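J.: Each step along the sequence shown adds one to the number in our numbering, with nothing skipped, and position 83 is 94. Note that the Cβ used here is the ideal one computed from N, Cα and C, for glycine as well. Note that the structure is a prediction, hence the values are computed from the model and not measured.
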Amino acid sequence: MAAIRNIVILTGAGISAESGIDTFRGAGGLWENHRVEDVATPEAFERDPDLVLRFYDMRRAAIQTREPNAAHTALARLDREWRGNLLIVTQNVDDLHERGGARRVLHMHGEHLNAWCTACDARSRWTGPLIDRPPCPVCGAPALRPDIVWFGEMPYRMEEIYDALRAADLFVSIGTSGAVYPAAGFVRNARDLGAATLELNLERSQGSGWFDASRLGPATELVPAWVDELLG
12 MAAIRNIVIL
22 TGAGISAESG
32 IDTFRGAGGL
42 WENHRVEDVA
52 TPEAFERDPD
62 LVLRFYDMRR
72 AAIQTREPNA
82 AHTALARLDR
92 EWRGNLLIVT
102 QNVDDLHERG
112 GARRVLHMHG
122 EHLNAWCTAC
132 DARSRWTGPL
142 IDRPPCPVCG
152 APALRPDIVW
162 FGEMPYRMEE
172 IYDALRAADL
182 FVSIGTSGAV
192 YPAAGFVRNA
202 RDLGAATLEL
212 NLERSQGSGW
222 FDASRLGPAT
232 ELVPAWVDEL
242 LG
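1. Helix, strand or coil, according to DSSP, for Ile185 in the structure here?
2. Suppose you measure from the CA of Ala38 to the CA of Gly163; what does that come to, to the nearest Å?
3. Is it the case that the Cβ atoms of Leu211 and Ile185 are separated by a distance below 7 Å?
4. Mind reading off the beta-carbon distance from Val100 to Val183? Whole number of angstroms is fine, and I expect it under 8 Å.
5. Comparing alpha-carbon positions, which option in Ala24, Gly220, Ala194 lies nearest Asn80?
6. Taking only runs that begin and end inside the segment 31-111, name each unbroken beta strand (DSSP E) of 3 or more residues, in chain order.
7. Tell me the DSSP secondary structure of Asn212 in three-state form.
8. As a quick exercise: from Pro148, Thr52, Arg70, Glu171, pick the residue whose alpha carbon is nearest that of Asp106.
9. For Ala206, name the three-state secondary structure that DSSP assigns.
10. Between Gly40 and the rest of its own chain, which residues show a CB-CB distance below 8 Å, the 5 nearest in sequence each way excluded?
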């Protein structure tokens, strides 16, 4: 481990599943009994904004009842104690990494507890419902939507992510399906630039073959053990 200084960690739905947050897409392509196309695209929001807002209002309320698990708190410990560069890139839109204590976190797909004003482009912390079209805290316009990257939209802060991957000595993927791009391609970016790669997942992902090593099991067991090993 002496050669490792810069670490990029990608986390996906599997790390929050043990806190009771459903993975994004279950069997049959449904998400909480909704087709993804009905609740997670700009076209869906334009077609039926009430459906989309109610859906995200429910999820926003639900995640505030969940708690970080041992995987989140282990990564927070790594964040506190790792003296090199560290970036936790999460596909998750919950705030469990932050509530677990991590600070070096980047939400590439947005955050449930933010609202985005499409009138003035401001993003505001938001914990309540949006269905009643409340005014933007910045400009007053009734133009708030969930600050979530929907299918067909560009993930956030990609240049920052690729800069971190270019500098990484180690890339670790935790609880991801390996099916959603561009995140699914990060392991190949890291490998091509000479980083070691490790997968921690409940089962082999679609991208397992790209990793130097895969460890299979629950995140709440694998992540604390790996952090203990890394910090030595």
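T.: So, from the listed chains and residues:
1. strand
2. Note that Ala38 has pLDDT 47, beneath the 50 cutoff, so the model's placement of it is unreliable and the number below is only indicative. Going by the C-alpha atoms only, they are around 22 Å apart.
3. yes
4. Not confirmed; about 10 Å, so no contact.
5. Ala24
6. You should have 97-101.
7. Asn212 falls in the strand class under three-state DSSP.
8. Arg70
9. coil
10. Legend: pLDDT at Gly40 = 45, less than 50; position of this residue unreliable, value from coordinates given subsequently. Setting aside the 5 residues that flank it on each side, Gly40 is surrounded in the same chain by Arg46, Val47, each with a C-beta closer than 8 Å to its C-beta; the list follows chain order.
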